[in-house]
Amino acid sequence: MSCHNVSPSSIEETENEIAELERRLSVARAKLRPKTENQKTHSEHSQPPTQSAHHYLLLLSDSALPLGSFAFSSGLESYLAHTPRNHASFSAFLPESLSSYASTTLPFVLAAHRDPAAVADLDDALDAAIICTVGRRASVAQGRALVSVWERSFAGSLPEEAVETLRPYVALLRSTVVASSLSPHTPTSTSTSSSCSSSRSDAKDLPPPVSAHLGPVFGAVCRLVGLTLHQTAYVFMLSHVKALVSAAVRASVFGPYQAQKVLGGADVQRMIVTLIEREWSTPVEEAGQTMPMMDLWIGRHELLYSRIFNS
Numbered sequence: 006m007s008c009h010n011v012s013p014s015s016i017e018e019t020e021n022e023i024a025e026l027e028r029r030l031s032v033a034r035a036k037l038r039p040k041t042e043n044q045k046t047h048s049e050h051s052q053p054p055t056q057s058a059h060h061y062l063l064l065l066s067d068s069a070l071p072l073g074s075f076a077f078s079s080g081l082e083s084y085l086a087h088t089p090r091n092h093a094s095f096s097a098f099l100p101e102s103l104s105s106y107a108s109t110t111l112p113f114v115l116a117a118h119r120d121p122a123a124v125a126d127l128d129d130a131l132d133a134a135i136i137c138t139v140g141r142r143a144s145v146a147q148g149r150a151l152v153s154v155w156e157r158s159f160a161g162s163l164p165e166e167a168v169e170t171l172r173p174y175v176a177l178l179r180s181t182v183v184a185s186s187l188s189p190h191t192p193t194s195t196s197t198s199s200s201c202s203s204s205r206s207d208a209k210d211l212p213p214p215v216s217a218h219l220g221p222v223f224g225a226v227c228r229l230v231g232l233t234l235h236q237t238a239y240v241f242m243l244s245h246v247k248a249l250v251s252a253a254v255r256a257s258v259f260g261p262y263q264a265q266k267v268l269g270g271a272d273v274q275r276m277i278v279t280l281i282e283r284e285w286s287t288p289v290e291e292a293g294q295t296m297p298m299m300d301l302w303i304g305r306h307e308l309l310y311s312r313i314f315n316s
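The structure is reproduced here in structure tokens:
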């Protein structure tokens, strides 16, 4: 059996060679790293879609967005009127209103963001799911206002493919508005009045093709302007909080500084995040009211002796 002896000097030379190669490799990597990081940073900050999405994020979260939200209290005014003054509390109403809004509407917002082309079907499903007539009227008014903002303000600066996604839905909405604006007593000739009376009656009984509820329209618009799914959900829920806080200020529940304290508080942030996580995977078929009292408060708003909000 032969034995191969390796001299200590040969082993030491090999180890020195390995150490030198590792040192040269480290130097080469150090030279390459700054260039790679600079290229990555430049690539991240030079993407127009990201900057555009951030721009629209600020626009859609702005309280000055002309949706008419200031005209609605989402049941707050009715809650204050129907609750004894010593028991009425905004801190008690806010989480109930947020939970109700998330369970009834947020799944439709998320679904419309995931598939903007299905906004008409989602709008129809939400219209069928809303029980309270007063709440339905508020949702439709704000949704149609957002469609007007989309057409008149946003669509002109967006890619044509984004505009085309909502074009069929907008056309359906226009036909709905035109049909509803026609008076049932429109003058007609004597010869045609009898033949058209039955067809007008049948058309009157048919539901409109679309209603333009705020939730599905908001989700679709946010997707088309580049907002992420989580950004869309957070802005939608935060906008509801801001509308409630604004209504509370005008109803003299508290002042503007307390309003900002509520908006900036950790409780509001925690509630929004928790509700988004709760409804993240909720299908629209399972969306529904979890706070029945909210429908009662909103529905009885029209019975108030005096009021400062539409709902």
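In my numbering, the protein residues as written are 6 to 316.
Every residue gets a Cβ at the ideal spot worked out from N, C-alpha and C, and that includes glycine.
(request) Would you kindly work out how many angstroms separate the C-alpha atoms of S180 and S216, rounded to a whole number? (result) 11 Å
(request) Can you say whether V175 is buried or exposed, counting buried as having 16 or more other CB atoms within 10 angstroms of its CB? (result) buried
(request) Report back the beta-carbon spacing between L151 and L229 to the nearest angstrom; my notes put them in contact at under 8 Å. (result) No, L151 and L229 are not in contact; Cβ-Cβ is about 12 Å, not under 8 Å.
(request) Determine, using beta-carbon pairs with one atom in the segment 282 to 300 and one in the segment 131 to 145, whether at least three such pairs fall under 8 Å. (result) yes
(message) Give me, in chain order, the residues of the same chain whose beta-carbon lies closer than 7 Å to that of A125; leave out the 5 immediate sequence neighbours on both sides.
(response) Y174, L177 and V215
(request) Return yes when the Cβ of G80 is within less than 7 Å of the Cβ of I303, no when it is not. (result) yes
(message) I'd like the span of the alpha helix (DSSP H) that includes W302, first residue to last.
(response) P297 to G304
(request) Could you check which residue in D272, E166, R34 and F159 has the C-alpha nearest to that of L62? (result) F159
(message) Please report the straight-line C-alpha distance between Y262 and V168, rounded to a whole angstrom.
(response) 40 Å
(request) Take V267 and list the residues in its own chain whose beta-carbon comes closer than 6 Å to its own, dropping the five residues that flank it on each side. (result) V250
(request) Could you tell me the boundaries of the alpha helix (DSSP H) in which P221 lies? (result) L219 to V230
(request) Provide the residue span of the alpha helix (DSSP H) that contains R90, from first to last. (result) No alpha helix (DSSP H) holds R90; DSSP gives it neither H nor E.
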